[in-house]
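Scroll down for the structure; my scribbles are underneath it.
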Amino acid sequence: MTLDIQRNRFLKFALLAGLGLFILLAGGLRLAEAAQLAISSVDKLNLRSSPNTSSAIVGQINKGDRLTVTGKSGDWYKIQFGDKTAWVAGWLVSVQDTAVSRGTTSNQGKIAEVTGTTLNIRSGPGTNFNIAGSAKKGDKLTILAQNGDWYQIQFGNIKGWVANWLVSVQNTASTQTTPSNTATTGSKVAEVTADTVNIRSGAGTNFALAGSAKKGDKFTVLSESGDWVRVQSGSITGWVANWLVTIHNPTPATTPTNPSTSSSQVAVINSDSMNLRGGPGTDHNVAGQVSRGVRLPIISRSGDWLQVRQENGNTAWVAGWLVSVVDQPEPPPPADADLGWLPSTKPDPNNGSGNQVPPGNVPEAKLVDVQIVEKNDVTYVNIVSDKAIEYNTFTLSNPNRFVVNLTDVDLNNIPETINGNTKIVDKVRTGIFSEDPYTLRIVVDLKQYARVKASLAPDKKALTLEVAGITYSNSLEGRVIFLDPGHGGYDAGATGKNGLKEKDVNLDTTMKLAQILRQQGATVLFSRTTDVYVDLYERTRMANDQNADIFVSIHANANTNPAIAGTSTFFYAPSSIPGLYDQRNDRSRLAGDVQRELVSTLGRRDIGVLQSNFAVLRTSMMPSILVETAFLSNSEEEQMLATEQFRQRAAEAIARGITAYFAGQ
Numbered sequence: 001m002t003l004d005i006q007r008n009r010f011l012k013f014a015l016l017a018g019l020g021l022f023i024l025l026a027g028g029l030r031l032a033e034a035a036q037l038a039i040s041s042v043d044k045l046n047l048r049s050s051p052n053t054s055s056a057i058v059g060q061i062n063k064g065d066r067l068t069v070t071g072k073s074g075d076w077y078k079i080q081f082g083d084k085t086a087w088v089a090g091w092l093v094s095v096q097d098t099a100v101s102r103g104t105t106s107n108q109g110k111i112a113e114v115t116g117t118t119l120n121i122r123s124g125p126g127t128n129f130n131i132a133g134s135a136k137k138g139d140k141l142t143i144l145a146q147n148g149d150w151y152q153i154q155f156g157n158i159k160g161w162v163a164n165w166l167v168s169v170q171n172t173a174s175t176q177t178t179p180s181n182t183a184t185t186g187s188k189v190a191e192v193t194a195d196t197v198n199i200r201s202g203a204g205t206n207f208a209l210a211g212s213a214k215k216g217d218k219f220t221v222l223s224e225s226g227d228w229v230r231v232q233s234g235s236i237t238g239w240v241a242n243w244l245v246t247i248h249n250p251t252p253a254t255t256p257t258n259p260s261t262s263s264s265q266v267a268v269i270n271s272d273s274m275n276l277r278g279g280p281g282t283d284h285n286v287a288g289q290v291s292r293g294v295r296l297p298i299i300s301r302s303g304d305w306l307q308v309r310q311e312n313g314n315t316a317w318v319a320g321w322l323v324s325v326v327d328q329p330e331p332p333p334p335a336d337a338d339l340g341w342l343p344s345t346k347p348d349p350n351n352g353s354g355n356q357v358p359p360g361n362v363p364e365a366k367l368v369d370v371q372i373v374e375k376n377d378v379t380y381v382n383i384v385s386d387k388a389i390e391y392n393t394f395t396l397s398n399p400n401r402f403v404v405n406l407t408d409v410d411l412n413n414i415p416e417t418i419n420g421n422t423k424i425v426d427k428v429r430t431g432i433f434s435e436d437p438y439t440l441r442i443v444v445d446l447k448q449y450a451r452v453k454a455s456l457a458p459d460k461k462a463l464t465l466e467v468a469g470i471t472y473s474n475s476l477e478g479r480v481i482f483l484d485p486g487h488g489g490y491d492a493g494a495t496g497k498n499g500l501k502e503k504d505v506n507l508d509t510t511m512k513l514a515q516i517l518r519q520q521g522a523t524v525l526f527s528r529t530t531d532v533y534v535d536l537y538e539r540t541r542m543a544n545d546q547n548a549d550i551f552v553s554i555h556a557n558a559n560t561n562p563a564i565a566g567t568s569t570f571f572y573a574p575s576s577i578p579g580l581y582d583q584r585n586d587r588s589r590l591a592g593d594v595q596r597e598l599v600s601t602l603g604r605r606d607i608g609v610l611q612s613n614f615a616v617l618r619t620s621m622m623p624s625i626l627v628e629t630a631f632l633s634n635s636e637e638e639q640m641l642a643t644e645q646f647r648q649r650a651a652e653a654i655a656r657g658i659t660a661y662f663a664g665q
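Taking the UniProt record's numbering, the leading residue of the sequence shown gets 1, the next gets one more, and so forth.
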């Protein structure tokens with residue numbers, strides 16, 4: 001009896017212990033499934049001993065490195081680093097679950113049909129993962145698993161992840177086996193040989209019709225599967241039977257020795273935000289983005305794709321059906337132009353000034369005098385005409401210069417060079433800048449950075465430049481910076497999925513930026529400080545009238561494709577507009593300095609420094625940029641833009657970029 005009691009007690013203990021072990025293991029399994037990874041969004045991310053930037057650095061990881069999250073404190077994550085623990089800033093990492101969710105397997109084995117025009121396939125469940133491939137509208141993908149809002153799919157030989165809001169799930173799995181031997185063929189061309197050919201949504205006659213083609217039609221070959229070829233032309237993407245087409249292997253296009261002059265055509269972008277590719281096809285990596293109206297010289301062609309040269313000199317490819325090809329290329333920039341000076345003039349024995357007025361284009365006014373006077377460390381440059389003056393001004397750096405353009409005024413007998421011999425002004429140069437319209441240019445060469453105030457006499461016949469030197473303890477002391485929070489009032493700009501309005505994000509980021517700049521000694525001016533609408537041309541008129549040093553417009557981006565994310569900065573200085581092209585170095589350098597700091601700080605995708613014909617960039621007389629901090633149309637970035645921390649970091653990054661720009665003058 002005693003043995004039976006002991007045996008029963010032992011069995012109960014064993015059962016309880018086993019049950020406890022099962023609960024512990026089950027809990028451990030749940031914990032394992034719920035564990036998270038912190039993925040670095042930037043290169044050289046510091047790991048710290050405590051959750052703050054003042055603590056010691058205990059290590060460093062690179063972009064894409066993954067570490068297990070073991071805890072959290074505010075905006076900081078505690079991570080496992082080898083046999084140590086450390087802390088990383090939450091805004092510099094993306095956090096992902098380590099295991100695929102097991103609670104949503106009902107779609108496994110079903111078919112996801114692409115509903116968007118182009119769908120990126122990523123290496124992981126999130127927009128921060130690399131692009132592993134792409135699919136077109138109507139393509140069918142086999143669902144393998146699900147993680148939150150993302151499906152793991154198989155598409156030919158590509159296995160990856162797609163956003164579930166960009167596909168529709170069919171109720172039954174396809175009976176057509178997805179080909180596993182899909183081979184990318186690059187720039188091959190399929191020419192239709194039959195009178196009429198059906199284009200289908202999949203590689204088989206049981207797939208729905210996506211379109212049709214006639215004899216002689218040509219398509220870019222995207223891939224091949226057995227007896228079927230996946231093709232694309234214009235907005236149509238689908239599959240055709242290979243016995244109804246002839247596959248051509250065109251000779252690869254070679255880059256001309258002098259690409260800028262190899263073609264008389266340019267590609268004009270027709271969409272608001274278009275991807276540039278590293279090769280002639282959507283299977284190539286995205287090499288950048290351009291906006292509507294940008295003109296890119298065409299270097300070569302491959303099927304329906306055009307190889308173009310970007311503003312930064314790099315080459316890329318654009319889809320021919322998304323651009324207009326015109327025969328009016330933007331004139332190439334001079335190879336060795338002095339951007340702050342004037343065309344050469346030839347001496348005229350009948351005109352002591354050495355400047356000839358072109359026949360039939362006689363200016364109405366004449367320059368009477370240019371005087372340089374110094375009073376109490378301030379230099380005054382007095383420009384006098386016999387009639388009312390119309391003018392515009394801008395500044396240049398490296399070296400420092402102040403430029404005045406006078407419209408319809410003849411140089412008359414004014415010397416080409418007038419020595420200043422003052423503390424601030426080295427000399428004044430004059431010359432005919434253009435003949436149509438007739439423009440006289442006056443360049444004031446400065447010995448140091450200076451503040452120049454231009455004022456017109458009541459009769460408008462005299463223009464006085466008040467030139468005062470600036471001494472400063474840091475690089476923003478004495479600078480005048482004009483900030484333009486985009487949109488406002490009834491113009492809300494973009495609106496995110498959760499209702500966040502761009503105009504509010506822009507204004508808050510701008511005010512945070514202004515506070516930082518003022519603390520560094522800058523004078524800050526605004527196009528608006530409240531929720532009001534301001535006309536685009538009024539914004540730059542205010543900046544021009546105040547003779548600001550730089551103009552910075554703050555925006556948040558948007559795209560019809562919610563998967564697109566990242567940061568970009570725009571400038572505009574085409575060689576076809578001399579007044580803007582003169583500032584090309586300053587404008588592009590300002591954009592580059594700000595973009596570099598934004599990407600480093602925010603950790604978002606670097607879309608790059610781009611050139612676009614925005615009104616505020618085209619009409620501002622000083623170096624100007626337009627910043628797109630992040631995408632409101634992207635759910636992840638909308639959540640970031642909604643936080644005070646993200647907007648503060650964006651403001652700090654822009655301020656550092658501005659400081660770097662002025663430090664380089």
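Beta carbons: idealized from backbone N, C-alpha and C, even for Gly.
Treat the numbers as computed from the prediction; the structure is a model and nothing was measured.
For Gly488, the residue or residues it bridges with in DSSP: Beta-bridge pairing links Gly488 to Asp491.
Outcome for Asn62 when other beta-carbon atoms lying within 10 angstroms are tallied against a minimum of 16: Exposed: under 16 other Cβ atoms inside 10 Å.
Backbone secondary structure at Asp593 - three-state DSSP: Residue state, collapsed to three classes: helix.
Just to check my reading of the structure: Ser49 and Asp65 have Cβ atoms closer than 8 Å, yes? What is that Cβ distance to the nearest angstrom? At roughly 18 Å, the Cβ-Cβ gap does not stay under 8 Å, so Ser49 and Asp65 are not in contact.
Tell me the DSSP secondary structure of Gln546 in three-state form. Note: Gln546 maps to coil in three-state DSSP.
For Asp139, count neighbouring C-beta atoms within 10 Å of its own C-beta (all shown protein chains included) and say buried if the count is 16 or more, exposed if not. Around the C-beta of Asp139, 16 or more other C-beta atoms lie within 10 Å, and the residue is accordingly described as buried.
Minimum C-alpha distance to Lys427 - residue among Gln595, Glu435, Thr417: Relative to Lys427, the option among Gln595, Glu435, Thr417 whose CA is nearest is Thr417.
Helix, strand or coil, according to DSSP, for Ser588 in the structure here? Here Ser588 sits in helix by DSSP.
Bridge partners of residue 685, per DSSP? Past the boundaries of the shown model lies residue 685; the chain is included only from 1 to 665, so the question cannot be answered.
What is the DSSP secondary structure of Phe646, counted as helix, strand or coil? Three-state DSSP puts Phe646 in a helix.
Excluding five sequence neighbours on each side, which residues of the same chain lie with their C-beta closer than 8 Å to the C-beta of Leu339? Bear in mind that a pLDDT of 44 at Leu339, under 50, signals an unreliable position, so the model cannot answer this.
What is the residue span of the alpha helix (DSSP H) that Tyr77 lies within? Element bounds for Tyr77: not the alpha helix (DSSP H) but the beta strand (DSSP E), 76-81.
Tell me where the alpha helix (DSSP H) around Tyr581 begins and ends. Where Tyr581 is concerned, the enclosing alpha helix (DSSP H) stretches over 578-581.
Within a Cβ cutoff of 8 Å, which residues of the same chain sit near Thr255, ignoring the five residues on either side of it in sequence? For Thr255, the predicted model reports a pLDDT of 38, less than 50, meaning its position is unreliable and no value from the coordinates is stated.
Residues in its own chain within less than 6 Å of Arg587 by CB, not counting five upstream and five downstream? Once the five neighbours on either side are set aside, the close Cβ partners of Arg587 are Phe571, Ala573, Pro623.
In whole angstroms, what separates the C-alpha of Pro333 from that of Pro297? In this prediction, Pro333 has a pLDDT of 47, which is less than 50 and means its spatial position is unreliable; what the coordinates show is noted afterwards. Approximately 13 Å, taken between the alpha carbons.
Where does Phe614 sit, in a helix, a strand or coil, going by DSSP? Secondary structure of Phe614 (DSSP, three-state): coil.
Where the beta strand (DSSP E) through Gln154 begins and ends: In the DSSP assignment, Gln154 falls within the beta strand (DSSP E) that extends over 150-155.
Within the same chain, show all residues whose beta-carbon is closer than 6 Å to that of Gly664, passing over the 5 residues directly before and after it, in chain order. Closer than 6 Å at the Cβ level, and outside the excluded window around Gly664, lies no residue.
For the beta strand (DSSP E) that contains residue 667, what are its first and last residues? Because the chain spans 1 through 665 in this model, residue 667 falls outside it and cannot be assessed.
Using only the alpha-carbon positions, how far apart do Thr552 and Leu626 sit? Reading the sequence as shown, one finds Val at residue 552 and not Thr. Answer to the nearest angstrom: the Cα atoms are 6 Å apart.
Just the C-alpha distance for Thr237 and Ala132, rounded to the nearest angstrom, thanks. When rounded, the separation of the alpha-carbon atoms in Thr237 and Ala132 is 19 Å.
Cβ pair Gln289, Ile607 closer than 7 Å: For Gln289 and Ile607, yes; Cβs fall inside 7 Å.
Alpha carbon of Arg604 to alpha carbon of Thr569, nearest angstrom: Rounded to the nearest angstrom, the two C-alpha atoms are 13 Å apart.
Sub-7 Å separation of Ala203 and Ser225 beta-carbons: It is a contact, given that the beta carbons lie within the stated cut-off.
With distances taken from CA atoms, which of Asn506, Thr193, Val452, Leu119 is nearest Lys215? Comparing alpha carbon positions, the residue from Asn506, Thr193, Val452, Leu119 closest to Lys215 is Thr193.
In terms of residue numbering, what span does the alpha helix (DSSP H) encompassing Asn506 cover? Residues 502-519.
When we look at the beta-carbon of His248 and count the other beta-carbons within 10 Å, is it buried (16 or more) or exposed? With fewer than 16 other Cβ atoms within 10 Å, it is exposed.
Opposite Phe551 in the DSSP bridges: which residues? Beta-bridge pairing links Phe551 to Phe482, Ser624.
Tell me whether the beta-carbon of Ser635 lies closer than 7 Å to the beta-carbon of Lys460. No, Cβ-Cβ distance for Ser635 and Lys460 is not below 7 Å.
Where do the N-terminal and C-terminal ends of the beta strand (DSSP E) with Leu141 fall, by residue? Here the beta strand (DSSP E) through Leu141 covers 140-147.
Got a sec? Which residues, its chain only, sit under 6 Å from Ser434 by beta carbon, not counting five neighbours each side? Hits under 6 Å: none found.
Give the straight-line distance between the Cα atoms of Leu513 and Val425, rounded to the nearest whole angstrom. Cα to Cα, the separation comes out at about 33 Å.
What are the residues that DSSP puts in a beta bridge with Met274? Met274 is bridged by DSSP to Val290.
Inter-stretch contact at 8 Å, needing at least 3 Cβ pairs: the region 518-525 / the region 556-570: Touching, no, given that fewer than three Cβ pairs across the two stretches are closer than 8 Å.
Judging by CA-CA distance, which residue of Tyr380, Ala615, Arg295 is the nearest neighbour of Gly420? When each option's Cα is compared against that of Gly420, the closest is Tyr380.
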